[in-house]
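Enquirer:
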Amino acid sequence: VSLHCCDCFPTVLLYMNRPFFCYSNRLFAMVRKVHLASIEAAGDLSSSPVVAAAVAVLSRGGVVALPSDTLYGVTSTIDHSQKLFEVKRRSQLKPLGLFVAGPREVKKWAKVTISDDLLYSLLPGPVTLMFNRLPSLPESFNPDTLKVGVRVPLCPIVNEICSSLGAPLAQTSANPSGSPLNPICVDDFTELHDEIDLIIDGGRIETTAEGSTIIDLSQQGFYRIVRDGCALYETRKKLEGAGLRPLFDPDHL
1 VSLHCCDCFP TVLLYMNRPF FCYSNRLFAM VRKVHLASIE AAGDLSSSPV VAAAVAVLSR
61 GGVVALPSDT LYGVTSTIDH SQKLFEVKRR SQLKPLGLFV AGPREVKKWA KVTISDDLLY
121 SLLPGPVTLM FNRLPSLPES FNPDTLKVGV RVPLCPIVNE ICSSLGAPLA QTSANPSGSP
181 LNPICVDDFT ELHDEIDLII DGGRIETTAE GSTIIDLSQQ GFYRIVRDGC ALYETRKKLE
241 GAGLRPLFDP DHL
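Position 227, counted from 1, in the sequence shown is what full-length UniProt numbering calls 227; the numbers after and before it change by one each time, with no gaps.
(1) Buried or exposed: which applies to residue 125, given that a residue is buried once 16 or more other Cβ atoms fall within 10 Å of its Cβ?
(2) If residue 64 sits next to residue 109, beta carbons under 8 Å apart, how far is it from one beta carbon to the other, in whole angstroms?
(3) Sort out for me which residues DSSP pairs residue 133 with in a bridge.
(4) To which residues of the same chain is residue 82 closer than 8 Å at the C-beta, ignoring the five residues directly before and after it?
(5) Taking all protein chains shown into account, decide if residue 102 is buried (16 or more other Cβ within 10 angstroms of its Cβ) or exposed.
(6) Pull up the DSSP beta-bridge partners for residue 227, would you.
(7) Quick one: what's got a C-beta closer than 8 Å to residue 136's C-beta in the same chain, skipping five residues either side?
(8) The alpha helix (DSSP H) with residue 87 in it runs from where to where?
(9) For residue 220, I'd like the list of residues in its chain whose CB is within less than 6 Å of its CB, leaving aside the five on either flank, ordered along the chain.
(10) Who are the Cβ neighbours of residue 196 in its own chain at under 6 Å, not counting the five residues just before and after it?
(11) When DSSP builds the beta bridges, which residues end up paired with residue 127?
(12) Please state the DSSP three-state secondary structure of residue 247.
(13) Which whole-angstrom value is the C-beta distance of residue 226 and residue 130, which I expect to be below 8 Å?
(14) Determine the closest residue to residue 88 out of 201, 144, 179, 244, with distance taken between C-alpha atoms.
(15) So, under 8 Å CB-CB, residue 51 and residue 161 are touching, yes? Tell me the CB distance rounded to an integer number of Å.
(16) Report the CB separation of residue 177 from residue 55 in whole angstroms; it is logged as a contact under 8 Å.
(17) So residue 169 and residue 99 are supposed to be a Cβ contact under 8 Å. How far apart are they, rounded?
(18) Assuming residue 230 and residue 210 are in contact, meaning their beta carbons sit under 8 Å apart, how far apart are those beta carbons, in whole angstroms?
(19) Tell me residue 171's beta-bridge partners as DSSP assigns them.
(20) Between residue 117 and the rest of its own chain, which residues show a CB-CB distance below 8 Å, the 5 nearest in sequence each way excluded?
(21) By the three-class DSSP mapping on this structure, what secondary structure does residue 166 have?
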């Protein structure tokens, strides 16, 4: 299905690799192959067929690949996050991140240590914020991991999928574990296609070829750079402008 759904990725293709039911009068049920139809979905994304398709797949425990404001990612519900490790052949020792619908959702899953003003200045955006996790996260999600990295990507369709689902998404980059290639188009992860239930093709991501900047904020009043990513300078400026001090890290002097 080809849809025009959001400003950041105007053309979206849906590839359904496995059959599923989707109750949408503008979509189809039991799909295996690509069907092309031009659908205008201006304004309210909550009624977009691409969102309905993604929610249907995720609700049935499936895996959805989608674009964000940085790279393509693979996602599932947090109750089915084990599937992402299987798809990527990823070690359980490498935790997954979360996509949530908006900044206010972060506090449902993580112990936020920064002010609302700072939180809302960082999110949405190409930044992953790490906090200590809350008991609201199921034990099966990143078991034996005390922290969680949370993102609100600057991409309305991803946020609307989270909002329509009413839950966060477990997420990681759409490439085999250990691959040096950052996926900025669907052709960059063809070896995973057969393992993914739904692929949302938003075209080539032109804004960056790097992942998000990852900042550990679990210790109140301090920040630690975990990964430079694509927004390090801007993020560090906001953190220090809010009075946070860096924790010493020899890799980020």
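The beta-carbon is built from N, C-alpha and C at its ideal position, and this holds for glycine as well.
Expert: Judging by the given coordinates:
(1) buried
(2) Their Cβ separation, rounded to whole angstroms, is 19 Å, which puts residue 64 and residue 109 out of contact at 8 Å.
(3) 110
(4) 140
(5) exposed
(6) 214
(7) 108, 109
(8) 82 to 88
(9) 113
(10) 63, 65
(11) 213
(12) coil
(13) 7 Å
(14) 179
(15) 6 Å
(16) Between residue 55 and residue 177 the Cβ distance is about 27 Å, and since that is not below 8 Å, they are no contact.
(17) 4 Å
(18) 4 Å
(19) 75, 97
(20) 242
(21) coil
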